[in-house]
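Here is the structure we will look at, set down as structure tokens.
Numbering (the numbering used here), first residue to last: 172 to 388.
Structure, rendered in structure tokens:
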């Protein structure tokens, strides 16, 4: 089975096993959906959304792995392929399973995260999974979600961090530094974001090594 992956950042794409087709959406939901549809048109038989995510469940900590049971969107919940989900959980027994919120905007404040969690109890939020779910559902293909928690539910993202990614998924350190010059009070938050993201990427890399080249499809 040909499994194609959609991620947000190049640093996430670099963690995937060789041979897995992958595209970076740069944190743009519409781009993620277009890339997913391109993969489907090119013969992909299953899709997977992979990357770091914001925590919504207060019990989750940076580096925790979440395997989606479904993706909550503004239009409702789209279920993940449950046999695939179960195989991923069997390979990653320390992972949590639950809803993932697919958002078109960053959940940057604690209040926003709380509001999303209170809707249906989604564990994490990201900006690619909703698009992948919609594209897969429209084509009748299975899909899965593998996410590592970066910023936990009780932590806000500083405004300077929002400029840290371009449309191709590359880091933009210059833009972050410019934002920091304008808002020096963001520095402690940026340091926390860096540490949390590092833990999340390390945990995600370890998980993908265990899952293997087929991602359990």
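In this text, a Cβ means the ideal position worked out from N, Cα and C, and glycines have one as well. Computed from a predicted structure; not experimentally measured.
7 Å Cβ cutoff, residue i in contact with chain D
i: residue 199; result: Protein chains in the displayed structure number just one, and chain D is not present.
In DSSP terms, what residue i is bridged to
i: residue 174; result: 217
i: residue 270; result: 241
i: residue 392; result: In the structure as shown, the chain begins at 172 and stops at 388. Residue 392 is therefore absent and cannot be evaluated.
i: residue 296; result: 225 and 272
i: residue 199; result: Per DSSP, none; premise fails for residue 199.
i: residue 194; result: 177
Residue i classed as buried or exposed, judged by whether at least 16 other C-beta atoms fall within 10 angstroms
i: residue 209; result: exposed
i: residue 301; result: buried
i: residue 298; result: buried
i: residue 175; result: buried
i: residue 380; result: exposed
i: residue 329; result: buried
i: residue 245; result: exposed
i: residue 172; result: exposed
i: residue 213; result: exposed
i: residue 311; result: exposed
i: residue 186; result: buried
i: residue 233; result: buried
i: residue 238; result: buried
i: residue 317; result: buried
i: residue 202; result: buried
CA-to-CA distance, residue j to residue i, given in whole angstroms
i: residue 205; j: residue 264; result: 33 Å
i: residue 177; j: residue 284; result: 23 Å
i: residue 374; j: residue 253; result: 23 Å
i: residue 247; j: residue 278; result: 18 Å
i: residue 249; j: residue 319; result: 20 Å
i: residue 228; j: residue 292; result: 7 Å
i: residue 308; j: residue 327; result: 32 Å
i: residue 194; j: residue 369; result: 21 Å
i: residue 198; j: residue 182; result: 13 Å
i: residue 262; j: residue 221; result: 16 Å
i: residue 313; j: residue 304; result: 9 Å
i: residue 191; j: residue 315; result: 14 Å
i: residue 268; j: residue 356; result: 36 Å
i: residue 200; j: residue 215; result: 19 Å
i: residue 273; j: residue 242; result: 6 Å
i: residue 270; j: residue 255; result: 15 Å
i: residue 211; j: residue 306; result: 8 Å
i: residue 251; j: residue 281; result: 27 Å
i: residue 189; j: residue 289; result: 38 Å
i: residue 386; j: residue 377; result: 13 Å
i: residue 384; j: residue 184; result: 13 Å
i: residue 266; j: residue 362; result: 26 Å
i: residue 367; j: residue 180; result: 15 Å
i: residue 371; j: residue 236; result: 8 Å
i: residue 226; j: residue 257; result: 22 Å
i: residue 294; j: residue 207; result: 23 Å
Whole-number beta carbon distance between residue j and residue i, since they are thought to touch under 8 Å
i: residue 259; j: residue 382; result: 6 Å
i: residue 231; j: residue 324; result: 7 Å
i: residue 287; j: residue 296; result: 6 Å
i: residue 196; j: residue 321; result: Residue 196 to residue 321, Cβ: 16 Å. No contact.
**Message:** Could you tell me which whole beta strand (DSSP E) segments of length 3 or greater appear in the stretch 227–267?
**Reply:** 236–244 and 247–250
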